[in-house]
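See below for the structure under consideration.
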Amino acid sequence: MVTPMLSKHYYAIINWNKNKYAILILVMKLRYLKEKVSIEFEIQKSRFIGLIFPLSSQEDKDQHLRDLHSEYPKATHYCSASLFGDHQEQQTADDDGEPSRTAGVPILDVLKHYDVTNILCVVIRYYGGTKLGAGGLVRAYSKAASDVMKEARFYHQTLVQTYTITFFYHHLNDIDHYLTDRAVITKKDFSDVVSYQLYLISETTSIQEIFHLLIAYQLQEPKLLFIDE
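Just so it is clear: in the sequence shown, position 8 is 8 by the working numbering, and no numbers are missing.
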């Protein structure tokens, strides 16, 4: 259940009666662009214009590209990259006529570095008559994306954190009482043990408190594995 796009997660395992039951904690914080930003510079007479846009849908991306073709009708290339979705799962990179992987992918790499989502970056080029070569193009498009991102303002949004806890039946009443006004239980599973899926609604309660409560009931030392990506 590890999600590669998560910036940080950790997994706690409690050993009970030679079986492993777990609390799984998922934390994801991505940044979102506040407004459109643009920058411009020139390299060997080629004019580069970098722009970024916040996206509320994939259709926004196509509309922004159409608008830019109208606003800059004589440009040579409109190279772009985008990230969209709660886990950056929708990604695009377009070289728009430049040599393969010299424009779209470098722009996308810059976006990924900033831990952002729902964003479109377009770098418009007016060819100045001097070829930059593959390496020069990568540097130019990376610079355009990096420069415009440095001028951007972002806001953070933390996704709802969903947790799974598993415990024995004889702790059911205690756990239910403790979770009242602290969490919303979205799923219950009653098999040989009890499993709850839940999210917290009390700002004064952390999943670590629930974790340590279960440890206190079991009187066993947990094994913690922290993973940073």
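Don't be surprised by glycine CBs; every beta carbon is placed ideally from N, CA and C.
Under the three-state reduction of DSSP output, His212 falls in the helix class.
Secondary structure of Asp181 (DSSP, three-state): coil.
Ranked by Cα distance from Arg153, the options Glu40, Arg47, Phe48 and Tyr114 are led by Tyr114. Residue environment for Ala140: buried (at least 16 other C-beta atoms within 10 angstroms of its C-beta). The residues Asp181, Arg182, Ala183 and Val184, in chain order, have a CB closer than 8 angstroms to that of Ile201 in the same chain once the five nearest residues on each side in sequence are set aside.
In this chain, the alpha helix (DSSP H) harbouring Leu68 covers Gln58 to Glu71. With contacts defined as CB atoms closer than 9 angstroms, Gly50 and Ala134 fail to qualify as a contacting pair. Between Ile124 and the set Ile165, His77, Arg66 and Ser56, the nearest pair of CA atoms involves His77. Less than 9 angstroms separates the beta-carbon of Phe48 from that of Glu40.
When DSSP states are grouped into helix, strand and coil, Ser100 belongs to the coil group. By the neighbour-count criterion, in which a residue is buried when 16 or more other Cβ atoms sit within 10 angstroms of its Cβ, Gly97 is exposed. Leu137 sits close to Thr102, with the two beta carbons spaced by under 9 angstroms. Residue environment: Leu108 is assigned as buried (16 or more neighbouring CB atoms within 10 Å of its CB, all protein chains considered).
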